[in-house]
Amino acid sequence: MSTRILVLGGARSGKSAYAEGLLADAHAVRYLATAVLDPADHDFADRIAVHRDRRPAHWTTVENTEPATVLATGAPATLLDDIGTWLTARLDARAAWDAPRGTVGPDCDVLVDAVEGYRERLVIVTPEVGMGVIPATRSGRLFRDEIGTLNQRLAQACDEAYLIVAGLPIRLK
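Just so you know, the numbering used here puts the end of the sequence shown at 825, numbered straight through with nothing missing.
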């Protein structure tokens with residue numbers, strides 16, 4: 653039986669490390685890395701390097717690709733990390749930062765459909781939002797609204813869901 657697990661958490665909560673631990677027993681893991689490296693952003697490049705260095709050598713990393721396309725092909729275990737960077741890239745691709753909310757809806761529909769249809773072991777990492785101040789910028793509020801809606805849909809599509817707080821998992825579903 654397939655298991656789809658959603659792992660939510662705030663920035664630096666330990667959500668990626670927890671998600672990786674869920675697949676520690678898997679012999680083959682396909683890691684879908686959604687972050688797009690900007691060589692000029694050294695801080696972000698360092699964060700990506702930490703993730704790369706932490707992954708076991710026998711995992712297969714797939715970068716800079718559309719997750720729904722990759723999920724069309726099964727694998728023994730897949731880790732999708734993370735939905736926030738994927739959504740940011742979709743907002744960029746659709747020039748949606750100043751567009752009406754829901755502009756990335758078709759992209760989200762395709763992703764949720766792919767998750768619902770996926771029949772292998774799948775762990776998805778995503779940032780939880782709304783636990784702090786209301787963002788001061790329109791783009792911040794747009795991201796918060798879009799990721800919040802997408803997280804709700806993914807939680808419904810998954811068999812299990814965990815919220816990571818200070819490195820500790822709280823089972824939600």
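For glycine and all other residues, C-beta sits at the position ideal for the given N, C-alpha and C.
Proximity of residue i and residue j at Cβ, strictly below 9 Å
i	j	result
Tyr814	Asp733	no
Leu806	Arg753	no
Ile822	Gly662	no
Glu812	Thr655	yes
Distance cut-off 8 Å: residue i Cβ against heavy atoms of the ligand FAD
i	result
Val764	Questions concerning the ligand FAD fall outside what the structure shown contains, since it holds no ligand whatsoever.
Neighbour-count burial assignment, residue i, 16 or more Cβ in a 10 Å radius
i	result
Glu715	exposed
Met653	The predicted position of Met653 is uncertain, since its pLDDT is 49 and thus under 50; a value taken from the coordinates is nonetheless stated next. Met653 should be labelled exposed.
Asp759	buried
Val785	exposed
Val702	exposed
Leu763	buried
Ala766	buried
For residue j and residue i, believed in contact at Cβ under 8 Å, the rounded distance
i	j	result
Thr712	Ala685	That belief does not hold up - the Cβ atoms of Thr712 and Ala685 are roughly 11 Å apart, past 8 Å.
Gly819	Ser668	Contact flag wrong, Cβ pair sits at about 11 Å.
Val681	Leu731	6 Å
Limits of the unbroken beta strand (DSSP E) element including residue i
i	result
Tyr683	Arg682 to Ala685
Start-to-end residues for the alpha helix (DSSP H) that takes in residue i
i	result
Ile786	Run containing Ile786: none; DSSP gives neither H nor E here.
Thr740	Ile735 to Ala745
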